[in-house]
Amino acid sequence: MSHSLRSGRNQVTLALVAVLLGVLLVVQLRAQSGGTGLETLSAQDLSDLVANLNTRNDQLRVEVATTQAQLDGLTAAQARGDSSLGQLQSDLARVRAWAGLVPVAGPGIRIDVAGPISSIAADDLLNELRNAGAEALGVAGVRVVPGSVIGGDPGGLSIEDTALADPFEVDAIGNGPTLTGSLTRAGGIIAQVKATFPGVTITVTPIDMIGLPATTRSLVPSHAIPRL
Amino acid sequence: MSSATGRPADRRFHVATWQVTLTVALLVLGFLVAAQLQSETPRTSYTSQERGPLVQTALGLQAQQDALKQQLLDMRARIQALEGTSQGSAAAVKSINDGLQAARMGGGLVAIHGSGLVIQLEDSTKTIPPGANDTDYRVSAADVRTVVRELWLAGAEAVAVNGERVTVSTAILDIGGSVLVNSAYLAPPYQVSAIGSTDLYGTMTGAPSFVEFVRARAEAFGIQISFARPSDVALPAFAGSLNLRYARPAPPLPPSPSPAP
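What follows is the structure, encoded as structure tokens:
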């Protein structure tokens, strides 16, 4: 075997390895940069995701506009040397109402839950109501805030140390038809709960005006400080 | 240096060089193949014509959402700074600002840090038996909700999933075997971070409902549940809408429209 031939074969081998290396490198980089997880979604899932993102982005645009108006008002008041107490108070009222720190009232639905439902299924009902855009929730007269969890075994459920009777009521303020539609649709949460717990009945009633109390808990964490 | 002139000493040196090059190249190749194999998750990958534009739309919308959230957080920070220097009666301004700070902290509108716990959920790496439901072997929204629930029950004061703070309006949902929190698409693994007392870990892992969860998901299907107890846990601020269209602040009322006395 001549030296030149071997040298040529080496070159071919090296070239092949280099090409393979390049291809794998590109594939790997693509796999890393495409780590969005979207590749695991079917076309139907992607359509759902796009719809969800659209809704959320619209809400965010409204919130950005509201916040911009608030910022402009505050800036103008300060430039004029005016008191911005009114602005501060309306901001405070808005945050408190959203967070569950003051009583709120509005239209919505009442859900009566009867029978041996599990605490997880009852919590899933609250999750579905939030997903459907409920603005404030109450369970047996207790305002639902972060950390409000329905616990206990079927027949002995409780929320925030308040025992739930059988039946118990869930109140949701928001767009009644949207909330009702979301709960009662085929394959929705009510259908799922009934399939899992045949003894449970859930009825939904539209209500013109629901009042919900403020939470009785302090929501300020005692083991955390603001991150600057 | 080496050359291809054919002198024995040179040739030996030359051969050594290409061998080294090839060895290094093959080594890199090996790493890449291993990395490639590892990055292939058990989740199904779809390929179809219609998916391309949808993926692009979803990515574009997610990028818009990220930008809107950042814009919102920036504006909220500026408002908070302006409010701190508001004109007016010093006592009145201070009282309202204190109220605002407390409401924002309580609602999850402030990024915080403190003692706590991080729980990570990952898909199973077990081989899925024929006829089994492959979704049982993946982390679902129900798993994430259960961990969040158990953390609250164990006394957590604040919780976030990946970059999303769990607030009064947070829903945790499945979309095609992956998880949406606050309508943001989260890629696995899912890290549920919680702030609470140093007892949080012991209380949670000792709870019968949590033990049952581990038995049902980790032992039965191989869902990987791991814990970290860093000295400091950081949670992001909620970057979402506080807009109430139906609910209005109201004077204290009975919790339901019961018949007037």
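Chains as they are written, first to last, in my numbering: chain Z, 82 to 309; chain H, 45 to 305.
By construction, the Cβ of each residue, glycine as well, lies at the ideal position given by its N, Cα and C atoms.
Note that the structure is predicted; figures quoted are calculated from it, not measured.
Membership of Leu-165 (chain H) in any alpha helix (DSSP H) is not indicated; the residue belongs instead to the beta strand (DSSP E) covering 160-166. Ser-130 (chain H) has a beta carbon lying within less than 8 Å of a beta carbon in chain Z. Per DSSP, Glu-250 (chain Z) lies in no alpha helix (DSSP H); the unbroken beta strand (DSSP E) holding it starts and ends at 249-254.
Scanning Z:Ser-229, Z:Val-285, Z:Asn-135, Z:Asp-234 for the CA closest to the CA of Thr-259 (chain Z) turns up Z:Val-285. Residue pairing for Gly-219 (chain Z): DSSP places it in a beta bridge opposite Z:Arg-224, Z:Asp-252. The alpha-carbon separation between Ala-176 (chain H) and Glu-256 (chain H) amounts to approximately 21 Å. In the structure shown, Asp-193 (chain Z) falls within a strand segment according to DSSP collapsed to helix, strand and coil. Within the same chain, Cβ atoms closer than 7 Å to the Cβ of Ile-270 (chain Z) are found at Asp-205, Leu-206, Glu-209, Leu-264, the five residues on either side in sequence being excluded. Distance from the CA atom of Ile-288 (chain Z) to the CA atom of Leu-122 (chain Z), rounded to whole angstroms, is 38 Å. Selection H:Gly-151, H:Glu-263, H:Ala-102 evaluated against Val-301 (chain Z) yields H:Gly-151 as nearest (Cα-Cα). Chain-order list of chain Z residues neighbouring Gln-106 (chain H): Leu-134, by C-beta distance under 7 Å. Two segments are said to touch when three or more pairs of C-beta atoms, one from each, lie closer than 8 Å; by this definition the region 211-230 of chain Z touches the region 205-214 of chain H.
Going by C-alpha positions, Tyr-229 (chain H) is about 6 Å away from Val-223 (chain H). Against chain Z, the CB of Asn-206 (chain H) has no partner CB under 8 Å away; the residue lies outside that interface. Within the region 141-167 of chain Z, those residues whose Cβ lies closer than 8 Å to any Cβ of chain H are, in chain order, Leu-141, Arg-142, Val-143, Glu-144, Val-145, Thr-147, Thr-148, Gln-149, Gln-151, Leu-152, Leu-155, Thr-156, Ala-158, Gln-159, Gly-162, Asp-163, Ser-164, Ser-165, Leu-166.
Of all residues in the region 139-163 of chain H, those with a C-beta nearer than 8 Å to a C-beta of chain Z are Ile-140, Asn-141, Gly-143, Leu-144, Ala-146, Ala-147, Arg-148, Met-149, Gly-150, Gly-151, Gly-152, Leu-153, Val-154, Ala-155, Ile-156, His-157, Gly-158, Ser-159, Gly-160, reading in chain order. By alpha-carbon distance to Ala-107 (chain H), the top candidate from Z:Ala-186, Z:Ala-150, Z:Arg-137, Z:Ile-283 is Z:Arg-137. In the DSSP assignment, Tyr-245 (chain H) falls within the alpha helix (DSSP H) that extends over 244-250.
Using a 10 angstroms sphere on the CB of Gln-100 (chain H), the tally of other CB atoms stays under 16, which defines it as exposed. For chain Z, the residues of the region 220-247 of chain H that bring a beta carbon within less than 7 Å of one of its beta carbons are Gly-220, Gly-221, Ser-222, Leu-224, Ser-227, Tyr-229, Ala-231, Pro-232, Ile-239, Gly-240, Ser-241, in chain order. As DSSP reads the structure, Phe-271 (chain H) sits in a beta bridge with H:Ile-163.
In this structure, Ala-147 (chain H) places its C-beta atom within 8 Å of the C-beta atom of Leu-173 (chain Z). Taken through DSSP and simplified to helix, strand or coil, Gly-104 (chain H) comes out as helix. The Cβ atoms of Ala-200 (chain H) and Gly-240 (chain H) lie closer than 8 Å to each other. Of H:Arg-193, H:Ala-204, H:Thr-190, H:Leu-153, the smallest CA-CA separation from Ala-283 (chain H) is found for H:Leu-153. Neighbourhood of Gly-255 (chain Z) in chain H, by CB distance below 7 Å: Tyr-290, in chain order. When the alpha-carbon of Val-188 (chain H) is set against those of H:Leu-70, H:Asp-110, H:Ala-238, the nearest one is in H:Ala-238. Identification of residues in the region 170-193 of chain Z having a C-beta nearer than 9 Å to some C-beta of chain H yields Gln-170, Asp-172, Leu-173, Ala-174, Arg-175, Val-176, Arg-177, Ala-178, Trp-179, Ala-180, Gly-181, Leu-182, Val-183, Pro-184, Val-185, Ala-186, Gly-187, Pro-188, Gly-189, Arg-191, given in sequence order. Thr-171 (chain H) counts as exposed, since fewer than 16 other beta carbons sit within 10 angstroms of its beta carbon.
Under the 10 Å beta carbon count, Glu-263 (chain H) is surrounded by fewer than 16 other beta carbons and is classified as exposed. Assigned with DSSP and collapsed to three states, Val-104 (chain Z) falls in helix. A check of alpha carbon separations from Leu-119 (chain Z) across H:Tyr-290, H:Gly-96, H:Arg-273 identifies H:Gly-96 as the nearest. Distance from Ala-186 (chain Z) to Arg-292 (chain H) at the Cβ level is roughly 6 Å; contact confirmed, criterion being Cβ atoms closer than 8 Å. Contact of Pro-302 (chain Z) with chain H is assigned, a C-beta pair being separated by under 8 Å.
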